[in-house]
Each structure stands twice: as structure tokens, then as C-alpha cells.
Ligand code: GDP
Ligand code: IMO
Ligand code: MG
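Here it is, written out as C-alpha cells:
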């Protein structure tokens, strides 16, 4: 059976968690392939909102297995908190949640390095979630990291002590100091490890490939968004993993020829949290209205998300790099009541028109070229069927579909599981 892949096409927070939850009924395994607790994936059903950081978004379905792949970085403290929050739902976590032996561990000092590095950058800071993501992936590629499988060995503490000592020395290289109580952080870390060690820890690439041969349906869940990819995003204002389709192969150990559908999730507009270029950002009241109606506050950090109009140049780039076969458009309901809706169809850079996503997307020298469409006033949130869409809304998404040349298969009109319209 083929493996499908779901990922974000913008700067994260597109609504991936909601869609994975909606799709899970058609899958046997949901496998998260990269990122860590910098992610916040929100699911809503039965009037309750859940935010997941490390655990895949299929966890609320009784049938599906959820797997945390080797490409993910895990903070045992946050993982423990996530597990504790799930306890009241009586989920059979012992059997339903699998963790790769090869996933890397975020240490307390990784978080300290993240915070100190950011503080030292001043105005040039990335706007990291401060979860220790960058330093942990640096230790992974630097071949110094500690993996989940190491925790099962008696001598892993020696490795931990050596690495922590090195990190403390590295902290002293920075011009800025942050206050911390390492003892307290370590107590919390070591207490939390027990939860992780009690989980089913597996050779996940072997597990997934066998499951695939056995005819199981697998959905790979991405975190962040394509424009935060460490290679293809708006570097250096990116995260430290490959958020794009290739990341699913390296983050799970699945071969590219096993992947069938690539689901690309995007918002009907665009948001970005943290620093970095954002050509279509709206800095006036329209932006504030979008943020208020869309409740655009980070699921992980609570920070206000910057809002802007949809950017077709960026979307075409993401679709290309990922080989997207189906699109899912989220939060169309948020645009109800805007008299005009802008769509970016190109950029002007240094007085030259360009229609591709450039190496340098600097806000200073990149201006968007917009076209305008009429908005719609109707509330979309109660719509149950594609025939009920207002004409102007239909014009909007049909235009996007024509430009992007990939069918929009799902339109989401609210945060709840049920506010999801399948389109044909
Ligand atoms: P993710 O990181 O891609 O999973 O997205 P987040 O959960 O960080 O952010 C998406 C936010 O939008 C969450 O608060 C969702 O509950 C909410 N959401 C998802 N789909 C819709 C939608 O169609 N309409 C509205 N109004 N909210 C949505
Ligand atoms: P989900 O999976 C939105 C952003 C941060 C910062 C940059 C680097 O919920 O879509 P990092 O902590 O990775 O070093 O931060 O990336 N960022 C996200 N923005 N959604 C996310 O995840 C993000 N994960 C990281 O705000 O700009
Ligand atoms: Mg999020």
C-alpha cells in the first residue's frame, strides 16, 4: 500500500493538525517525520480544543497507530506534559504510540543555547520558539546527539554529562548571559525521562516498511511549513529541519517511490510567526482584523502571528518542491466580510518584475504585485456542502486552483473537525 504525505505550504500553522485528525479514519498509521515541540498542532472536536507538539495528530482515533519518526527531536519534559494532558481521555498510549530509537533528544542545555543564541542576535534574531530545536539538530548533524535508543543503554549518562559540559562552555562564548537553574532543569528532565522510556520504542523504519508491505495505510505528518525548510525556506529565518517532502523520506526511512499522494495544506491568506521576510504582510487594520477573526496567536508560544494576503508565487514554489497532488485550503471563513481580497501574483525586485521565489526575499527590495477580487459577506462556518458556497468565495478558490494547477480537495470553514467540506 502506498504512503501519503501531508505538509504545510506556507510558514507553518496552516491547519495541518486539524486535517490529519480529519483524515485519520482512512489510515492505519500516522507518522510524524520532523520538527519537535516548536510545532503546535490544534485539533477541535466535541467542543474541546487539543494542542499537540510532539505526538502525531491521529492520537484521538482508537484505530490508528501513531509513530514519532527518527527525524523528530523530542523534549522529554514537553513530551511528558503532553502525555499527562492526554491521560483523561483514556487513550491506550502504551499500544498506540510508537517512538523511533533514532529520534534525537532535546537536552536542557539545548534550550539554554537556543535562548542565548537568540538573545545574542538582538534585532537579527530568528524569532525561534526557544524549544532548543536549532542546537539539537546541530548536535545531530555534528554527530554528537543523544538518541532515544541511547536511553536504553546503561552508559548513556556519560554521554549526557560530556555533552552538557560542552554546552555550558559554549554558553560562556556568548556576549550575553541568561539566568538559569540547571539543577532544576535537570531534575525536571530526568523525572520526565521515565514517561518516554515506558513508551514503545521501535526500529521505526523497519516497522513502517513492514507495515507498508502488509498493506497498512500510512499518512506522514509534517510540521512547520515549506517556507521554513532549512534548505528551501527564507534562510536564515527558518527552522532547522527539512519540512518539505524529502524530509518524510529521511525522517521516516521510507523510499520516495512509496509515496503516492502529497497533500499540501494552506491558509486562504497567509501568516508568519517570528522574524523574516513576508512580502504580502498587511500592516494596517485589515491585518489586525484577520488576526482577530482568525485567532492568529501561536499554538506553542502564544505570540501574535503576522497576517498577510495569499502569495501565489510562494505557493507555486512550495507545490513544486513538494510535488503536491492535492490541495487543502483552510480558514476561508476568516475572509468573510472583507470588501476586497488581494492575491499576490508576482514580485517587483530592484525595479524588475519576477514571477519566481527568489534567493533573497528581503522586505526592503521585494514588493508584491497584487490583483484584487471581490470579497463575500456570507458566514461560511455553518456550510455543510460545497453547493452552499457563496459565488464570490467560489470565484476566489477557483481562481487559486486555476493558477496553482492542483485541485483543491478539502475546504475548511472553521476549526472543528465537522467544519470540513470535501470538494469534487
Ligand atoms: P498547524 O500547526 O498547521 O496544525 O496549525 P495550528 O494548529 O498551529 O493553527 C491553526 C489554527 O487555526 C488553530 O487554532 C486551528 O484550530 C484553527 N483552524 C484550523 N482550520 C480552521 C478553519 O478552517 N477556520 C478557522 N477559523 N480556524 C481554523
Ligand atoms: P507548526 O508545526 C509556525 C518558526 C518560529 C521561528 C522559526 C524558527 O505548528 O506549523 P525554531 O523554534 O524552529 O528554531 O523557530 O520557525 N516556527 C514555526 N512557525 N508554526 C510552526 O510549527 C513553527 N515551528 C517553528 O516562529 O520563526
Ligand atoms: Mg501550529
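Residue numbers (my numbering): 212 to 635. The C-beta atom is built at its ideal place from N, Cα and C for all residues, glycine as well. Small disclaimer: the values here were computed from a predicted structure and weren't measured.
request  = Could you name the residues whose beta carbon sits closer than 5 Å to any heavy atom belonging to the ligand MG, keeping them in chain order?
outcome  = The filter returns 224, 251, 510, in chain order.
query = Of the choices 423, 238, 496, 328, whose alpha-carbon is the least far from that of residue 383?
reply = Looking at the Cα atoms, 328 is the closest of the given residues.
message = Among the candidates 632, 625, 635, 634, whose CA atom is the shortest distance from the CA of residue 256?
response = Of the listed residues, the one whose Cα sits closest to residue 256 is 625.
task = Figure out for me which residue from 464, 459, 489 has the closest Cα to the Cα of residue 533.
result = Ranking the options by Cα distance to residue 533, first place goes to 459.
task = Compute the Euclidean distance between the alpha carbons of residue 290 and residue 407, then round it to the nearest angstrom.
result = The alpha-carbon atoms of residue 290 and residue 407 are separated by roughly 7 Å.
message = For residue 438 and residue 560, I'd like the C-alpha separation in whole angstroms.
response = Using only the alpha carbons, I get a separation of about 19 Å.
task = Give the single residue among 613, 330, 321, 360 whose Cα lies nearest to the Cα of residue 342.
result = Minimum Cα-Cα distance from residue 342 among the listed residues 613, 330, 321, 360 corresponds to 321.
task = Return yes when the Cβ of residue 540 is within less than 8 Å of the Cβ of residue 477, no when it is not.
result = Going by C-beta atoms, residue 477 is nearer than 8 Å to residue 540.
Any non-hydrogen atom of the ligand IMO within 7 Å of residue 249 CB = Yes, the ligand IMO has a heavy atom inside 7 Å of this Cβ.
query = With distances taken from CA atoms, which of 318, 326, 364, 366 is nearest residue 351?
reply = Checked all of 318, 326, 364, 366; the closest Cα to residue 351 is 318.
task = Rank 288, 461, 486 by C-alpha distance to the C-alpha of residue 445 and give the top, closest one.
result = It is 486.
task = Might you give, ordered along the chain, the residues of its own chain that have their beta carbon closer than 6 Å to the beta carbon of residue 483, omitting 5 neighbours on each side?
result = Excluding sequence neighbours, residue 483 sits near 222, 489, 517.
key: alpha helix (DSSP H) runs contained entirely in the segment 483-561, provided each spans 4 or more residues   = Given a length threshold of 4 residues, each whole run of the alpha helix (DSSP H) inside the segment 483-561 is given here in chain order: 496-504, 523-533.
ask   = For the putative contact between residue 608 and residue 621, defined by C-beta atoms under 8 Å, what is the C-beta separation to the nearest angstrom?
value = Their Cβ separation, rounded to whole angstroms, is 11 Å, which puts residue 608 and residue 621 out of contact at 8 Å.
Whole-angstrom distance between residue 455 and residue 219, CA atom to CA atom = So the two alpha carbons sit approximately 8 Å from each other.
key: Start-to-end residues for the beta strand (DSSP E) that takes in residue 408   = Run containing residue 408: none in the beta strand (DSSP E); it sits in the alpha helix (DSSP H), 393-409.
query = What are the residues that DSSP puts in a beta bridge with residue 337?
reply = Looking at the DSSP assignment, residue 337 forms no beta bridge with any residue, so it has no partner.
ask   = Which residues bound the beta strand (DSSP E) around residue 321?
value = Not the beta strand (DSSP E): residue 321 falls in the alpha helix (DSSP H), residues 319-332.
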